[in-house]
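See structure below.
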Amino acid sequence: MASLQIKTRWEESGSGIVCQAILDALPHWFGIPASVAEYVAVADRSPSVIASAEGRDIGITTLVRHSPYAAEVFVMGVLPEYHRKGVGWAMLRAVEASLARSGVEFLQVKTLSPSKDDIGYEETRSFYLAYGFRPLEEFPLLWDSENPALQMIKTVPNAPRW
Ligand SMILES: CC(C)(COP(=O)(O)OP(=O)(O)OC[C@H]1O[C@@H](n2cnc3c(N)ncnc32)[C@H](O)[C@@H]1OP(=O)(O)O)[C@@H](O)C(=O)NCCC(=O)NCCS
865 MASLQIKTRW EESGSGIVCQ AILDALPHWF GIPASVAEYV AVADRSPSVI ASAEGRDIGI
925 TTLVRHSPYA AEVFVMGVLP EYHRKGVGWA MLRAVEASLA RSGVEFLQVK TLSPSKDDIG
985 YEETRSFYLA YGFRPLEEFP LLWDSENPAL QMIKTVPNAP RW
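Using the numbering used here, the first residue of the sequence shown is number 865, and each one after it goes up by one.
In structure tokens form, the structure reads like this:
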């Protein structure tokens, strides 16, 4: 079978609609309406990398810059029928290439901690680990006591030293 032809593009803002459509297709990960509303609002005002294939948008990765040196993957999702086809990695590679050009050295993501049993998020952590993120610290109450957060980080390749 031919491999999927994935395109990525950078959008400075205005990606709320794409974000909403993709998160709506991932209810296991994005089932809390207030959280989804926040992700959509942030995607609307922040930079995102959008992945497309077969004539439609199939993935989004939205970024928040915390300092000249550090950024965060604030939300990320790929339509379920396109999982495990390299879309997630393609978006992260595009994210890192852009961050490196603007001098960002460190990239973090927060996801559900393994201290809460959840098969879906176990897969999410495997994805981040395989890409090169490493667990840094757990924040048990950052979101709420039912959803302990795990902060993972990695260095951005080819970022210039300050
Ligand atoms: C996490 C997510 C963005 C990954 O995107 P993806 O396009 O499916 O991932 P890729 O195809 O680029 O995966 C690359 C590699 O990561 C690892 N990986 C990805 N998904 C995995 C899974 N479910 N289980 C174990 N390893 C996984 C593998 O090493 C994989 O390579 P391989 O398929 O050759 O073995 C996507 O699965 C998703 O939308 N999940 C639901 C939402 C979510 O978890 N968002 C993040 C919330 S913090």
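Just so it is clear, CB atoms sit at the ideal spot from N, CA and C, and this is done for glycine as well.
Tell me whether residue i sits in a helix, a strand or coil according to DSSP, three-state version.
i     : result
I924  : strand
Q884  : helix
D1008 : strand
F991  : helix
L956  : helix
L963  : helix
P999  : strand
A866  : coil
A1013 : strand
R948  : coil
For residue i, which residues from the same chain have a beta carbon less than 7 Å from its beta carbon, with the 5 sequence-adjacent residues on both sides left out?
i     : result
S990  : none
F997  : V973, M1016, I1017, K1018
Y985  : T975, L976
P1024 : G967
L1000 : Q1015, M1016, I1017
Can you find the residues in the same chain that come closer than 8 Å, C-beta to C-beta, to residue i, ignoring five residues on each side of it along the sequence?
i     : result
E1010 : K980
P932  : G967, V968, W1026
Using the DSSP secondary-structure output, state which residues sit across from residue i in a beta bridge.
i     : result
K1018 : L971
T872  : A915
V937  : L927, V973
V942  : G923
Given residue i, which residues of its chain have a CB within under 6 Å of its CB, disregarding the five upstream and five downstream residues?
i     : result
P1004 : P1012
Y946  : I922
V904  : G880, C883, Q884
R929  : A935
A907  : S879, G880, C883, T926
S877  : R909
Restricting to Cα atoms, I'd like to know which of the options is closest to residue i.
i    : options                 : result
E875 : P944, A958, A901, E1002 : A958
A915 : F970, M955, V900        : M955
G941 : L993, T988, A994, A866  : T988
A961 : D888, A866, P1021, L887 : P1021
V937 : S912, L1000, A889       : S912
Inset, instruction - Kindly confirm or deny that the segment 866-874 and the segment 942-957 touch, where touching means at least three C-beta pairs closer than 8 Å. - result: These segments touch.
Legend entry - Inter-stretch contact (C-beta, 8 Å, three-pair minimum) for the segment 888-898 and the segment 923-933: no
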